[in-house]
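Peer 1:
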Amino acid sequence: MTKIITLPGCVPGEKGFVMIFSFSRLTTSEECPARFYRRYILKMDEPPSEPLVLGKGVHAVIEAALKTGQHSEDFFSAMCDVVTGVLPLKIQKDELMFLAYQPNVLEHIGKPCCIEYHFQDSISPDNPFSPEIQGYLDHWIDVGDHIEIRDWKSNRKTYNPTDTHQLGIYADHLQRKTGKPVKGKLVFLRNRKVLEHLYSAEDIAVARSWALEKAEGIRKLVKEYKNKETPVEELFPATPGDVCRYCGWANMCTGKEIKCPSEIDNTKAVEVGAEIFRLEAALKLLKKNLRVYVKNNGPVRVGKREFTLVPSRSWNFNSSGLEKVFNKMKNSGVDPFGYFTITAGNLRKLKWEESDIEALGGKPRTTTTFRDVAVEEPKGE
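Residue numbers (numbering that gives the first Met the number 0): 0 to 380.
#1: Once you ignore the five residues that flank HIS145 on each side, which residues in its own chain have a CB closer than 8 Å to its CB?
#2: How should GLU353 be labelled, buried or exposed, when 16 other C-beta atoms within 10 angstroms of its C-beta is the threshold for buried?
#3: Over the uninterrupted beta strand (DSSP E) stretch that includes TYR198, give me the two end residues.
#4: Which residue comes first and which comes last in the beta strand (DSSP E) that contains TYR135?
#5: Straight-line CA distance for GLY12 to ASN154?
#6: Less than 8 Å between the C-beta atoms of ILE203 and ASP171, yes or no?
#7: Going residue by residue through the region 210–238, where are the continuous alpha helix (DSSP H) segments of at least 4 residues, counting only ones entirely within it?
#8: Could you work out which residue in VAL52, SER129, VAL242 is closest to LYS152 when comparing CA atoms only?
#9: Which two residues bound the contiguous alpha helix (DSSP H) that contains SER313?
#10: With a Cβ-Cβ cutoff of 8 Å, do LEU173 and ILE114 count as a contact?
#11: Note down the Cα distance separating PRO377 from TYR158, rounded to an integer number of angstroms.
#12: By DSSP, does ILE114 sit in helix, in strand, or in coil?
#13: For LYS227, I'd like the list of residues in its chain whose CB is within less than 8 Å of its CB, leaving aside the five on either flank, ordered along the chain.
#14: Does the contact criterion of 3 or more C-beta pairs under 8 Å hold for the region 26–41 versus the region 231–248?
#15: Using the Cα positions of LEU381 and MET96, report the straight-line distance between them to the nearest angstrom.
#16: Within 10 angstroms of its Cβ, does GLY297 collect 16 or more other Cβ (buried), or is it exposed?
#17: Under three-state DSSP, which class holds ARG347?
#18: Can you give me the C-alpha to C-alpha distance between GLU201 and ALA373, rounded to a whole angstrom?
#19: Ignore the nearest five residues each way along the sequence and tell me which others in ALA63's own chain have a CB closer than 7 Å to its CB.
#20: According to DSSP, simplified to helix, strand and coil, what is ASP450?
#21: Can you list the alpha helix (DSSP H) stretches of 4 or more residues lying completely in the region 21–54, in chain order?
#22: Go to LEU185, then tell me how far its beta strand (DSSP E) extends in each direction, as first and last residue.
#23: Kindly identify the DSSP beta-bridge partner or partners of GLN119.
#24: Note down the Cα distance separating VAL271 from ALA281, rounded to an integer number of angstroms.
#25: Contact between the region 94–109 and the region 46–61 is defined here as three or more beta-carbon pairs at a separation below 8 Å; is this criterion met?
#26: Taking GLU274 as the reference, give the member of LEU285, CYS259, ASP264 with the closest Cα.
#27: Per the DSSP calculation, ILE19 is bridged to which residue(s)?
#28: Determine the direct distance from the alpha carbon of ASP93 to that of SER71, and round the result to whole angstroms.
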């Protein structure tokens, strides 16, 4: 009798294993094979990141509102209390409420729709040996002449639906299922923006081709891994870069460290930038783990320094309290405006024009800082 070997993340099949793919698995393999290996092959527990936990929390609140038909502010507030109480990381209720309780969500409550819809399909229906792909759709609805997909996003940066193949894969399934055109909508909850795209046959073909190419590539790698034909480090190499910022294993990619160059040329610049991302992420993880140790066991001395928990105290004032502070300073002969200031962040929240700020007496001051920023261009296909 042939022994069936089942790898983590796979289901039994005639050839030993059948991996069910998803957009997340395909993109993870593309961005960093080592992360794919740890997450989907070894099934290692990845420490939760704040963006991921926040996204799951927002989805849970919205899903509850859509399923129960509740749209009151009190219901959302109560759900935010429940969700923040069970999340693995501390998430501010106010932020969760800001993201979930908004017109882009409320307008769909009480209307017929499919919520958290799961599907599993062959990537190439005409090929009996085609890899299979699954997906979870946040929200889709039949509006008569076409289908609309909505994907809730808590991202800070917006992007177009066609910048990735996620909605293209979902559109492929729904078009086959319903026979109707599919419009994909990315609902950016933080920015209150909705970016949409009506998927053409060509768009869907491109998404399907991408998914098939990536899935077949992973199949080959997993087969080599199972047969132990090639070292794991070669099959699933670490690729330091901006994805390290949200990776729970950035501190495990050792042995590939670069030497700090005295001079940086065009060739080394990207390599140095990628290593900075990895080192910063690894440092964050190391500090987090050491903090837990210190909390349970006490300070850790290293030479003439020690890692310990240092208490700090701050004061929060409501509007009435701030007014009293202002008046007390003024009555004491202290210039309150030496302490009270309008930050650049608060000015952005006010959304005033620069001409209005200048008219109020504001004077611009420009400084330059060195940091990484989001690139304003579509993600590579």
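Glycine residues also receive a C-beta, built at the ideal position from the N, C-alpha and C atoms.
Peer 2: Considering the structure as presented:
#1: LYS179, PRO180, VAL181, LYS182, LEU197
#2: exposed
#3: 192–198
#4: 131–141
#5: Any reading at GLY12 needs caution, since the residue's pLDDT is 42, under 50, leaving its predicted position unreliable; the model's value is listed next. The straight-line gap from Cα to Cα measures roughly 38 Å.
#6: yes
#7: 231–234
#8: With distances taken between Cα atoms, LYS152 lies closest to VAL52.
#9: Unbroken run through SER313: none, as it is neither H nor E.
#10: no
#11: Model confidence at PRO377 stands at a pLDDT of 49, short of 50, so the residue's coordinates are unreliable; what they give is reported in the following sentence. C-alpha separation (whole angstroms): 7 Å.
#12: strand
#13: Its chain contains no residue whose beta carbon lies nearer than 8 Å to that of LYS227 once the 5 sequence neighbours on both sides are disregarded.
#14: yes
#15: Outside the displayed range of the chain (0 to 380) lies residue 381, so it cannot be described from this structure.
#16: exposed
#17: In this structure, ARG347 counts as helix in the three-state DSSP scheme.
#18: 29 Å
#19: MET78
#20: For the chain, the structure presents residues 0 to 380; residue 450 sits outside this window and is missing.
#21: 22–30, 32–35
#22: 181–187
#23: GLN133
#24: 15 Å
#25: yes
#26: CYS259
#27: GLU131
#28: 16 Å
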